[in-house]
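Only one structure is covered here, and it is reproduced in the block below.
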Amino acid sequence: MLLSPYPTNAERIRVAALWFWCVLVLIFLVVPIFVPVPLSFNSGSFFTFPLAGVSTRWYEVVLGTPRWRAAIGNSLLIGFGTTILATVLGTLTAIGLSDPKFPGRRFVVPLLISPLIVPVVVTAVGTYLFYARIGLANTYGGIILAHTVLASPFVVVTVSASLAGFDRNLMRATSILGAKPLTGFLRVMLPLILPGVLSGAAFAFVTSFDEVVVVQFLANAQQRTLPLEMFTGLREQLSPAITAAATLMMGLSILLLIVANLLARRSRKNAGAASE
Amino acid sequence: MKSVCRTNLLALAGAAIICQLQPVGAEELTIMATGGAWQAALRQAWFEPFAKKAGVKFNEQEYTGELGKIKAMVETGNVPIDLVTVETSTVLQGCDAGVLIRIDYSKVADRSRFLPGTALDCGVGIDVYGDVLAYDTTVLKEAPTSVLDIFDTKKFPGKRAMRKAPAQNLEWALMADGVPIAEVYKVLGTPDGVDRAFKKLDTIKKDIVWWDAGAQPPQLLASKEVVMTTAWNGRIQSAIDQDKRPFAIVWDNQIVEYDMIAIPKGAKNLDLAYKYLAYVAQPDVGAQLGRFIPYGPVLSDSTPFVPKDVLPKLPTAPDHMKNYLVGDVEFWGDHGEDLVKRFNAWLAQ
Amino acid sequence: MSSIAMPTTKTWISARDHSDSLRPLALAAPLLLLLLFSFGAPIVALLSRAVYEPTIANALPLTIAALRQDSGAGVPDEAVFRAFAIDLKDGQAAGTVYEFAKNLNTRLPGARSQVLRVARLAAQDQAITKEAMIKAAPLLGEEKSWSAIRVGTNRFTSFFLLSAFDLRWTGQWTIGAVPADQAVFLRVFGRTFLIATLVTLATLALAFPLAYLMTNLRPAMAAIVLVLVLLPFWTSILVRTAAWTVILQKYGILNDLMLWLGVTSDRIELMYSRTGLIIAMTHIQLPFTLLPIYSVMRSVQPSQLRAAQSLGGRPFTVFRRIYLPQVMPGVLAGCLLTFILCLGYYITPVLIGGASDQLISNFIANYVNAELNWEMAAALSFVLLASTLGLYITMTRYLGLDLFKMG
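Next comes the structure, spelled out in structure tokens:
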């Protein structure tokens, strides 16, 4: 696909260079992610190679202590809650914004990107002062809402980018053909903008999953998340336990992504079979 | 469980929030501390014995040691914390900002039993630690003999680490520049003295790696990133004792500092909080912490109760108290903000 | 682009009735309301502290009245001092004197302990004289102290905003720079924008070719690459930063590798340097730049490119004239995201950057958490927010860029 059916030499060189560069980029992207893996088997308590010895000591810490298990559970709960809420709200907003008739865009856009710009510690204090007054501080709902505020701009941005390539006439066509707006959205628009929606969802998840500052203010001892656990520990002891936790999360994510891929391929096959 | 506000996610969508306050059963005390090995030591030495003795439930929370969150709690009038551990300089800030209450010492202990500078208006001392110099004995052939050797790049070439803050570093700079220990804060109070301290720091600026978190100095030594570092003595000691690292501590010209405990304004279980402070301020109880982490007691009458094998590791051991400076809280209350700004400007240049 | 086939915006609006503009608004309403109420309002309230600071005015009601009688500019007379003493005594009783002393200390370094000393004296001795007060607090005998107090009695203040630009009032009507050894924020703002720009360009150089390759791979291969791109998201920033520490440090993996390969002859200092910081930030931001580009590239019809090429377009021309305009929304979205996010970094600079690589968020967090000076934090945040929004609006206005591009 990169090469035309009858490639010239210049074309071959260009494609080879592209491959070479991309392999380097992938190495740059992935290798640092795997560095913590061997460190998580370190029997000493420092972040250095060579390892002091091999042990599963830190895995016992992470899996054996209720604190770490609760932290992982909280992070996943808050992360997925945020992802769902932010993706739904963000996608709706992006669709609304993409309509040329949207009134007052000038005032809406600064509001949408401000959560990305305002230093998160200021957001955390402001949110806390507000949430504490309405009884949302120290609740899961409050943390998810606060993370949704931080995460939904990502969804709006990525979905908007996808919508830029979307031909609105398609939606008019569906309505002319008698489809309800929702059907038109699900059958025509959503499949086309899905890459944007999914990358927005990925951003939303990571925003919540990496967030420590807002959680520091809004969470109580029961709602402690994984990053918060690591961050507060950092002051006392930068222990390899955090690399063990990271390795576990990564294993889980690879598993999830593979399962999702298999499911997607199966449904694609089914769809293909149905259409034939 | 404490009285927790429960929100119903469905109701939330309609912006209606159901907030139920549950009745509180047994007495509870909530403390916020800075976590890690130190908090574990506090737990074993004091939290658990007190909970058992007073028949209360002890809740622990962790934070980064900075008062921003407590200020936010106090502003909203919803303070679920009864006690908080803080550094000395933080006590002063919290006091000034109206975040911490002023301690009624008649409910704690006779103020004169505390070491000078450990019974502050808004905070009660709980332990003594030392700002010291540490190095890896396998890296440095010749051992440094004083903290001030950190300024000697000829004899000890290579990177060295210092805490990224003006406090302690400016004092050491003046001491290294020949100011007698007794006059350090007097000199540092004058513009010329400040210039002099920064000029001394200038001489090693390009060789300094700055650390923020207390866990970094042992890590920097372990990775051989630096040949020597300033550090809190407990961190280095635990790397020596627990991780069998070949580190050594230099005590000469150490700066002695205190950890404090304070009560945030609006704390709900005030009486119980005072009961806890009074409990820890007993001579024998006050000495317990040293068994779990090498930090010394702040009560002058606690020393006899410190276990014999712990004593030589403490900052207050007679051997370590030949040349030392006690950090001046009042000085840093006055000049902290200014010097931090100047320090940041200096770093950025 | 797709809009070519559509009537212009204007005819659209006039052709339809008014109620049609309500549907897009209704779609966006839930998020906009959430942002407005749980983000916009509290943040505006917090940022307003940059200009509204009533502590000194609240602490000195009598002194303010007395100062109004006293028309002189320098050190006021006995009456003002008497009022000042009563105000301090009341503050001491109410416990507000500490807050006042701290606040004054921000404007008048060294004032804190002197004011507290006078307050203690005033509480004991009702009839304390001007002379005794100046003896206890030498600063009160100086002209600059009283001009600081006079300025401070105004509830609305420009002090913090000026400080954010390294400026201050030097006289009643003149503004000048703060002393060079106190000037820090302009440099930090400049550095923050510089590092954000460099990281954005670096991520673009890495992400664009990879995204292009991914769109041209077989679905199975593309999925595998996508997994590799998404993998970092499952690793917390703290862990990734720690991993970079292990790689970059002097006896770390990268130095070992370069020595072994003979690229360098000596170990180089990458930790606590700007190079190290930019490498680590580029790594963390790469997926943020890449994913929007990828999602847009996927929607480009390859048939168009082939058509252009078959019509005799040279590859570069086809790329520039046909491909680039179509993927531009994704490129801009990715770059703007990364740029804006870089402005807010603060954990990575602390752990990997050197002392001269700290960004503005580090300072803001410090004012919020450690110094408890929320006014200064609000002022710096306001400047950051205003300059970024200004930059964004300028870009949308003059370059036609938009994060939320219309279809």
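Chains as they are written, first to last, in the numbering used here: chain A, 1 to 276; chain B, 1 to 349; chain C, 1 to 407. Note that the Cβ used here is the ideal one computed from N, Cα and C, for glycine as well.
Under DSSP, the beta strand (DSSP E) around leucine 30 (chain B) begins and ends at which residues? In the sequence under discussion, the amino acid at residue 30 (chain B) is threonine, which differs from the leucine named in the question. Threonine 30 (chain B) -> beta strand (DSSP E) spans 28-33.
Indicate whether alanine 241 (chain A) and valine 62 (chain A) have their beta-carbon atoms separated by less than 8 Å. yes
Nearest-angstrom Cα distance between glutamate 48 (chain B) and leucine 42 (chain B)? 9 Å
Measure from the C-beta of methionine 424 (chain C) to each C-beta in chain B and report whether the shortest distance is under 8 Å. Lying before the first or after the last residue shown, residue 424 (chain C) is absent from chain C, which here runs from 1 to 407.
Check whether chain B comes within 8 Å of glycine 74 (chain C), counting only Cβ atoms and requiring the distance to be less than that. no
Mind pulling the chain C residues with CB within less than 8 Å of leucine 89 (chain A)? Pro30, Leu31 and Leu34
So, does the CB of leucine 92 (chain A) fall closer than 8 Å to a CB anywhere in chain C? yes
Out of C:Leu31, C:Leu27 and C:Gly390, which has the shortest C-alpha to C-alpha gap to serine 98 (chain A)? C:Leu27
Could you pull out every residue in the same chain whose Cβ sits closer than 8 Å to the Cβ of valine 340 (chain B), ignoring the five residues on either side in sequence? Ala165 and Pro166
When you compare the CB positions of valine 37 (chain B) and threonine 85 (chain B), do they come within less than 8 Å of one another, or not? Looking at the sequence provided, one finds alanine at residue 37 (chain B) rather than valine. No, these two residues do not count as a Cβ contact at 8 Å.
Could you list the residues in the stretch 136-147 of chain A with a C-beta less than 8 Å from some C-beta on chain C, going in chain order? Leu145 and Ala146
Would you verify that the beta carbon of leucine 218 (chain A) is, or is not, closer than 8 Å to some beta carbon of chain C? no
Is the Cβ of alanine 143 (chain B) closer than 8 Å to any Cβ of chain C? Chain C, which has no Cβ nearer than 8 Å to the Cβ of alanine 143 (chain B), makes this no.
I want to know whether the stretch 90-110 of chain B touches the stretch 306-324 of chain B - three or more CB-CB distances under 8 Å. no
By Cβ distance, which residues of its chain are closer than 6 Å to glutamine 44 (chain B), with the 5 residues on each side in sequence left out? Phe292
Report the residue from B:Leu174, B:Asp212, B:Pro217 and B:Arg245 whose alpha carbon sits nearest the alpha carbon of aspartate 202 (chain B). B:Leu174
For the alpha helix (DSSP H) that contains aspartate 256 (chain C), what are its first and last residues? 253-261
Taking the alpha carbon of leucine 218 (chain A) as the point to measure from, which residue in A:Arg57, A:Gly90 and A:His147 has its own alpha carbon closest? A:His147
Could you give the DSSP three-state label for aspartate 166 (chain C): helix, strand or coil? coil
Closest Cβ-Cβ distance between serine 303 (chain C) and chain A: below 8 Å? no
Please classify leucine 33 (chain C) as buried or exposed, where buried requires at least 16 neighbouring CB atoms within 10 angstroms. exposed
Residues that DSSP places opposite tryptophan 172 (chain B) in a beta bridge: According to the DSSP secondary-structure assignment, tryptophan 172 (chain B) is paired through a beta bridge with no residue.
The stretch 335-347 of chain B: which residues have C-beta closer than 9 Å to a C-beta of chain C, in chain order? When CB distances to chain C are screened at a threshold of 9 Å, the residues of the stretch 335-347 of chain B falling below it are His335, Gly336, Glu337, Asp338, Leu339, Val340, Lys341, Arg342, Asn344, Ala345, Trp346 and Leu347, in chain order.
Please confirm if serine 152 (chain A) has its CB atom under 8 Å from at least one CB of chain B. Not one beta carbon of chain B lies nearer than 8 Å to the beta carbon of serine 152 (chain A).
Under 8 Å between C-beta atoms of serine 299 (chain C) and glycine 165 (chain A): yes
Could you check the C-alpha separation between leucine 213 (chain C) and threonine 282 (chain C) for me, to the nearest Å? 20 Å
Considering only the alpha carbon of each residue, which of B:Ser146, B:Ala109, B:Lys206 and B:Val298 lies closest to glycine 125 (chain B)? B:Val298
Quick check on this structure: which residue in C:Phe165, C:Gly344, C:Ala83 and C:Phe319 has the alpha carbon closest to the alpha carbon of glutamine 285 (chain C)? Looking at the Cα atoms, C:Gly344 is the closest of the given residues.
From the DSSP output, in three-state form, read off threonine 303 (chain B) for me. helix
Beta-carbon proximity of arginine 155 (chain C) to leucine 162 (chain C), cut-off 8 Å: no
In angstroms, rounded to a whole number, what distance separates the CA positions of alanine 308 (chain C) and isoleucine 322 (chain C)? 8 Å
Selection of the stretch 68-98 of chain B by Cβ proximity to chain C, strictly under 7 Å: Within the stretch 68-98 of chain B, contact with chain C at the beta-carbon level (separation under 7 Å) is assigned to Gly68, Lys71, Gln93, Cys95, Asp96, Ala97 and Gly98.
Please decide whether glutamate 62 (chain B) counts as near chain A, where near means a Cβ-Cβ distance under 8 Å. yes
Output, in sequence order along the chain, the residues in the stretch 211-241 of chain B whose CB is closer than 8 Å to any CB in chain C. Asp212, Ser223, Lys224 and Glu225
Assuming contact is defined by CB atoms lying nearer than 8 Å, are proline 294 (chain B) and asparagine 233 (chain B) in contact in what I supplied? yes
Thinking just about the alpha-carbon of each residue, which of A:Leu252, A:Leu194 and A:Ile84 is nearest to the one in glycine 141 (chain A)? Residue A:Ile84 is the option with its Cα nearest to glycine 141 (chain A).
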